[in-house]
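Protein chains in written order, with our numbering: chain A, 702 to 960; chain B, 28 to 101.
Written out below as structure tokens is the structure these notes cover.
The structure is reproduced here in structure tokens:
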């Protein structure tokens, strides 16, 4: 047994400040060290726990690194074909309108193969929450270039950096979605520092509460890192994300409901 | 003046040693261990445990949710 404990006298149930919520299962996450997926899973689980929605939540997991979402969240999860999570979520929400339905997708899933499903689900104003993890790369398959890859960013299929002339421009999916009439709340956040985690948690809580109002799609982009795909250490990747990703994908609300 | 003291418990076997907690700790409580856990990662542990103020920053950013935080006034 490895000992990694602080002062024993303080460790009492009445002094507890923070522990992992029970909605996160005890399975070891399959993500690489430092990956933002784990943090995003955990804050989503905390919101579900705090609002008491465990039995009313149905999630739709994508194809990508987070395909094993059902192993980590103790709620109902439906697997969807690649990119089709918003379409599956639409069906679930229409058949079971009392449930809270969310999709959790990466950029390869949502912004590449699932562009049509995403845009049309948002345009129809389906009453679901879409969580979009954007790390600018196809993380699971080995770091290939995705539509969201930045100009000049190196990936395994653009080893000299993305060249706009031959490979096209990076896609700002959240900005596109924010222009659609069907969306109710669109925001872009990140989870690499404690302050950003708190902001993202607030955004997810708001989005979950908006579901009850039946006003339209809520869309939350989480700009995340991919230490393995970017070939960096987790702390380096967080720093690189701040310096390079945030100027192109600025954090903040893109569409807020009018009070 | 009441002083706030904190303490953390790291589930070392599930820690992947990403060092994100170490960077976000405002008091420099956390360091990475010199030995590895069962998976071969240099896990995080409270090296300077008397500095901990129980702010829970480390637990908030931990991707694997391995840190539990306690806090009390002395």
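Don't be surprised by glycine CBs; every beta carbon is placed ideally from N, CA and C.
Residue 737 of chain A belongs to the set of residues whose beta carbon lies under 8 Å from a beta carbon in chain B. Listed in chain order, the alpha helix (DSSP H) runs fully inside the stretch 887-921 of chain A are 895-912, counting runs of at least 4 residues. Secondary structure within the stretch 770-826 of chain A: the alpha helix (DSSP H) runs of 4 or more consecutive residues, fully enclosed, are 770-773, 786-796, 816-825 (chain order). According to DSSP, residue pairing for residue 73 of chain B in a beta bridge involves B:57.
Residue-level contact by beta carbon fails for residue 805 of chain A and chain B, as no gap is shorter than 8 Å. Judged by DSSP in its simplified three-state form, residue 925 of chain A adopts coil rather than helix or strand.
When CB distances to chain A are screened at a threshold of 9 Å, the residues of the stretch 67-96 of chain B falling below it are 68, 70, 71, 72, 73, 76, 77, 79, 81, 82, 83, 84, 85, 86, 87, 88, 89, 90, 91, 92, 93, 94, 95, 96, in chain order. Each residue's CA atom was taken as its position, placing residue 804 of chain A and residue 828 of chain A some 11 Å apart.
Within the stretch 835-869 of chain A, complete alpha helix (DSSP H) segments of at least 4 residues are found at 865-868, given in chain order. Take residue 91 of chain B, set aside five residues on each side of it, and the residues of its chain with a beta-carbon closer than 7 Å to its own are 41, 42, 43, in chain order. With a minimum length of 3 residues, the unbroken runs of beta strand (DSSP E) contained wholly in the stretch 933-959 of chain A fall at 953-956. The residues 728, in chain order, have a CB closer than 6 Å to that of residue 772 of chain A in the same chain once the five nearest residues on each side in sequence are set aside.
Looking at the DSSP output, residue 719 of chain A shares a beta bridge with B:96. For residue 43 of chain B, a Cβ of chain A is located within less than 8 Å of the residue's own Cβ.
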